[in-house]
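Below is one structure, written out as structure tokens; the observations come after it.
In UniProt numbering, the protein residues as written are 1 to 233.
Following this line, the structure appears as structure tokens:
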């Protein structure tokens with residue numbers, strides 16, 4: 001009878017308010033934060049699970065409840081960072097009714113984000129393991145569902161449907177605008193030619209130019225669009 005009682009106790013559900021093993025979101029975030037800090041300090045190759053346990057303030061056993069290995073952790077960091085910037089860009093575009101206003105907000109927000117010191121350090125870490133973990137690294141920019149490019153693509157498609165833009169290949173148009181708005185600064189920062197985050201007025205100048213080129217290629221070219229484009233010039 002006692003043996004049956006103990007067996008029943010083991011099968012009891014997790015008490016209300018507590019998470020089952022590996023399902024506590026706060027603990028998962030704690031581990032990811034610790035791993036991100038270690039990877040950015042030491043690089044992926046030099047970082048060990050012992051380093052991550054110390055930085056995260058958890059036991060190695062706890063880490064393995066949530067993540068299979070170092071590669072799994074690295075993938076979780078990439079997924080979280082991609083999701084954060086994707087949601088941020090989606091929120092920016094959700095509040096923009098005009099094409100030029102949305103492009104300006106998107107361009108300024110993305111260029112500022114992608115050239116931030118923390119992001120550049122993360123990018124360099126990703127590049128350092130691209131040969132060994134190509135599929136993980138590709139997910140930094142691309143996801144089967146949503147990423148920054150697909151968010152802009154949806155915005156462009158909406159304005160094509162409204163008659164504000166004339167675009168045959170919206171995915172290409174999104175790629176082109178992202179490259180024009182952020183590509184120059186991003187590459188300079190990534191490869192060390194630019195030590196600090198570009199000042200606001202320089203980002204504004206580049207993004208404004210990107211809007212002008214984009215609208216010249218894809219705008220409907222009526223008077224209202226011409227006036228609005230000149231306002232950003």
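Note that CB positions come from ideal geometry on N, CA and C, so glycine has one too.
Residue i burial status per 10 Å Cβ neighbour count (16 or more: buried)
i           : result
residue 221 : exposed
residue 206 : buried
residue 55  : buried
residue 31  : buried
residue 189 : buried
residue 45  : exposed
residue 153 : buried
residue 237 : Given that the chain is displayed from residue 1 to residue 233, the structure contains no residue 237 and the question cannot be resolved.
Under the three-state DSSP convention, the category residue i falls into
i           : result
residue 162 : coil
residue 95  : coil
residue 219 : strand
residue 76  : helix
residue 214 : helix
residue 192 : coil
residue 71  : helix
residue 116 : coil
residue 197 : coil
Min CB distance residue i to chain B below 8 Å
i           : result
residue 133 : Looking at the structure shown, chain B is missing, and only one protein chain is on hand.
Proximity to residue i [Cα-Cα], best of the options
i           : options               : result
residue 192 : 129, 42 and 123       : 123
residue 115 : 210, 217, 202 and 214 : 202
residue 96  : 113, 155 and 64       : 155
residue 106 : 64, 66 and 151        : 151
Contact belief for residue i with residue j at Cβ below 8 Å, rounded distance in angstroms
i          : j           : result
residue 73 : residue 35  : 5 Å
residue 87 : residue 177 : Not really, about 19 Å apart at Cβ, beyond 8 Å.
beta-carbon residue i near the ligand MN non-hydrogen atom, thresh 7 Å
i           : result
residue 108 : Inclusion of the ligand MN in the displayed structure is not the case, the ligand content being empty and no account of it being possible.
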